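> The structure that follows is given in the form of structure tokens.
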Amino acid sequence: MDFVSTPKQYIDAVKDCAAHIGSSVTFRGTIHRVRDMSDFSFVVVRVDRGLIQCTFQGDKIGDIARADIKDAMVVEVTGDVHEEPRAEHGFEVILTGISILAKPAEQLPIPLGKKYMGLSLDVDLPLRPISLRHPRKRAVFRIQAAIAEGFSEYMLSQGFTRIHTPKIVSAGAEGGANIFKLDYFGQQAYLAQSPQFYKQYTAGIFGRVFEVGNVYRAERHNTSRHLNEYIGLDFEMAYIDSMYDVMAMETGMLQYLMDYLPKHVQPELDLLSVKLPEVGKIPSVTFAEAKTIMQEKYDHKSKNRFDLNPDEEVLMCKWAQETHGSEFCFITHFPSAKRPFYAMDDKENPKTALSFDLLFRGLEITTGGQRIHDYEEQIQKLRDRKMDETLFESFTMLHKYGMPPHGGIGIGLERLTMQLLGLQNVRDASMFPRDMTRLVP
Numbered sequence: 015m016d017f018v019s020t021p022k023q024y025i026d027a028v029k030d031c032a033a034h035i036g037s038s039v040t041f042r043g044t045i046h047r048v049r050d051m052s053d054f055s056f057v058v059v060r061v062d063r064g065l066i067q068c069t070f071q072g073d074k075i076g077d078i079a080r081a082d083i084k085d086a087m088v089v090e091v092t093g094d095v096h097e098e099p100r101a102e103h104g105f106e107v108i109l110t111g112i113s114i115l116a117k118p119a120e121q122l123p124i125p126l127g128k129k130y131m132g133l134s135l136d137v138d139l140p141l142r143p144i145s146l147r148h149p150r151k152r153a154v155f156r157i158q159a160a161i162a163e164g165f166s167e168y169m170l171s172q173g174f175t176r177i178h179t180p181k182i183v184s185a186g187a188e189g190g191a192n193i194f195k196l197d198y199f200g201q202q203a204y205l206a207q208s209p210q211f212y213k214q215y216t217a218g219i220f221g222r223v224f225e226v227g228n229v230y231r232a233e234r235h236n237t238s239r240h241l242n243e244y245i246g247l248d249f250e251m252a253y254i255d256s257m258y259d260v261m262a263m264e265t266g267m268l269q270y271l272m273d274y275l276p277k278h279v280q281p282e283l284d285l286l287s288v289k290l291p292e293v294g295k296i297p298s299v300t301f302a303e304a305k306t307i308m309q310e311k312y313d314h315k316s317k318n319r320f321d322l323n324p325d326e327e328v329l330m331c332k333w334a335q336e337t338h339g340s341e342f343c344f345i346t347h348f349p350s351a352k353r354p355f356y357a358m359d360d361k362e363n364p365k366t367a368l369s370f371d372l373l374f375r376g377l378e379i380t381t382g383g384q385r386i387h388d389y390e391e392q393i394q395k396l397r398d399r400k401m402d403e404t405l406f407e408s409f410t411m412l413h414k415y416g417m418p419p420h421g422g423i424g425i426g427l428e429r430l431t432m433q434l435l436g437l438q439n440v441r442d443a444s445m446f447p448r449d450m451t452r453l454v455p
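Numbering (our numbering), first residue to last: 15 to 455.
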């Protein structure tokens with residue numbers, strides 16, 4: 015009879031080698047590339063957090079011939095660690111033992127061993143299970159994971175409770191046609207456009223809630239900034255005085271995040287030459303003010319009365335940088351007609367909503383605002399928009415039985431990753447993107 019106890023402690027192979035210069039180490043990894051010289055070979059092994067340069071001296075080590083070592087082999091190696099300033103981490107491992115754990119059945123279809131693979135998206139995306147092994151690709155998603163972790167850590171530090179909301183729902187949070195339909199045991203159901211309703215429910219329970227989860231939008235966009243499935247960083251907070259409390263919370267989160275990332279993924283930031291933004295005070299202007307600024311400062315007359323076009327998002331970020339030294343800019347008080355039915359209207363100007371976007375380096379990454387908490391106000395807005403209020407009875411139950419003033423945001427994780435890392439397409443910031451044409455891998 016056997017018993018299972020605690021797991022082996024995780025060891026970062028790069029750090030372990032660096033700590034054992036002058037002694038022997040053993041680690042496992044995958045052969046990233048082999049460079050044969052006359053009487054030895056450089057064997058670069060890819061491990062969890064980087065590449066380790068090894069040297070295979072002579073023709074054989076044990077019963078393993080140097081000529082048999084190929085890219086993509088999975089190996090366990092033992093060797094002596096020596097200082098080597100020319101190597102990536104300042105050391106190399108002189109191999110004394112090697113075991114082959116697995117062999118590729120075919121030659122790699124892409125040049126993983128090169129510093130830059132130079133693949134177009136059309137080539138890269140179908141091969142993502144392989145192309146993501148490349149250090150630069152892998153670094154993108156280590157940083158993205160740290161963004162989600164830093165967001166979560168900040169939320170927890172501010173008294174938020176993590177929630178997990180349904181992704182199969184009976185009604186869309188935002189209405190309209192941009193919603194995926196599905197047959198749910200004979201009933202009409204949908205994939206969630208947003209966790210919005212559930213955030214509001216649970217803000218009434220816990221006061222402050224957050225989620226990192228999938229969002230689905232059936233939008234027929236095929237652009238560099240749109241996906242049909244993405245990861246949302248969402249939070250909702252009750253007992254607010256205004257939407258500016260929500261904006262301040264997001265600003266604090268971003269400040270925390272830009273401090274968190276270098277502490278956890280500095281090697282990946284260095285590999286991709288990432289310049290993180292400074293987050294101080296973020297300028298905030300109303301939608302109407304933004305339109306005036308663009309016309310007066312940049313001679314740009316907008317044709318869109320209800321939203322900002324992509325070129326206008328770029329202009330407003332340019333203004334924020336030039337005028338206030340900020341790479342971020344809040345735009346508030348959007349026209350109510352184009353904001354969701356749960357957005358609270360400004361009492362001083364009911365044609366505008368207490369709703370905002372956050373722009374970063376020329377792209378909207380956040381939508382947020384204050385929500386309606388009064389029952390009669392919410393019912394009236396549904397009626398004004400000719401929406402069937404009976405479809406939203408479980409939602410308006412929230413308001414009927416008392417709800418504090420509240421608001422929140424949703425951030426697109428992939429968009430934030432794209433802008434932080436200077437990527438050209440949001441698909442580069444999605445491991446396995448879902449768009450209008452892609453369901454695999």
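Quick reminder that beta carbons are idealized off the backbone N, C-alpha and C, glycines included.
Just so you know, these numbers come straight off a predicted model, no measurement behind them.
Between which two residues does the alpha helix (DSSP H) containing residue 282 stretch?
Segment 257-285, the alpha helix (DSSP H) holding residue 282.
> Can you tell which of 110, 54 and 60 has the C-alpha that lies nearest to the C-alpha of residue 75?
Nearest C-alpha to residue 75: 110.
> Residues bridged to residue 58 by DSSP?
47 and 67, per the DSSP bridge assignment.
> By a C-beta neighbour count over all protein chains shown, 10 Å radius and 16 as the cutoff for buried, is residue 16 buried or exposed?
Residue 16 is exposed by the Cβ-count criterion.
> Could you pull the DSSP bridge partners for residue 202 from this structure?
Looking at the DSSP assignment, residue 202 forms a beta bridge with 197.
> Could you pull the DSSP bridge partners for residue 251 from this structure?
In DSSP, residue 251 forms a bridge with 222 and 421.
> Under a Cβ-count criterion, where at least 16 other Cβ atoms within 10 Å of its own Cβ denotes burial, should residue 213 be classed as buried or exposed?
Buried: at least 16 other Cβ atoms inside 10 Å.
> From residue 299 to residue 24, what does the alpha carbon distance come to, in whole angstroms?
In a straight line, the C-alpha of residue 299 is about 48 Å away from that of residue 24.
> Find the nearest neighbour of residue 216 within the set 113, 179, 58 and 290, judged by alpha-carbon distance.
Nearest of 113, 179, 58 and 290 to residue 216, Cα basis: 179.
> Taking the straight line between their C-alpha atoms, what separation do you get for residue 274 and residue 310?
Those two C-alpha atoms are separated by around 39 Å.
> Using CA coordinates, which residue listed in 420, 221, 279 and 70 is at the minimum distance from residue 45?
If we check each option's Cα against that of residue 45, 70 comes out closest.
> Runs of 3 residues minimum, wholly inside the segment 293-336: which ones carry the beta strand (DSSP E) assignment?
You should have 298-300.
> Contact between the segment 247-257 and the segment 269-285 is defined here as three or more beta-carbon pairs at a separation below 8 Å; is this criterion met?
The segment 247-257 vs the segment 269-285: no contact.
> Assuming residue 94 and residue 108 form a contact by the criterion Cβ under 8 Å, report the distance between their Cβ atoms to the nearest whole angstrom.
The pair is a contact, with the Cβ atoms about 5 Å apart (cut-off 8 Å).
> Hey, residue 240 and residue 160: beta-carbon distance below 8 Å or not?
Against a cut-off of 8 Å, the Cβ pair of residue 160 and residue 240 comes out as no contact.
> Ends of the alpha helix (DSSP H) at residue 408?
Residue 408 -> alpha helix (DSSP H) spans 407-414.
> So who's on the other strand from residue 383, going by DSSP bridges?
In the DSSP output, where bridge partners are listed per residue, residue 383 has 369 and 422.
> Pick from 137, 147 and 365: whose alpha carbon is nearest that of residue 129?
Taking only the C-alpha atoms, the option nearest residue 129 is 147.
> Contact between the segment 395-410 and the segment 230-237: three or more CB pairs below 8 Å?
They do not touch, by the three-pair rule.
> Using beta-carbon positions only, say whether residue 139 and residue 452 come within less than 8 Å of one another.
Yes, the Cβ-Cβ distance between residue 139 and residue 452 is below 8 Å.
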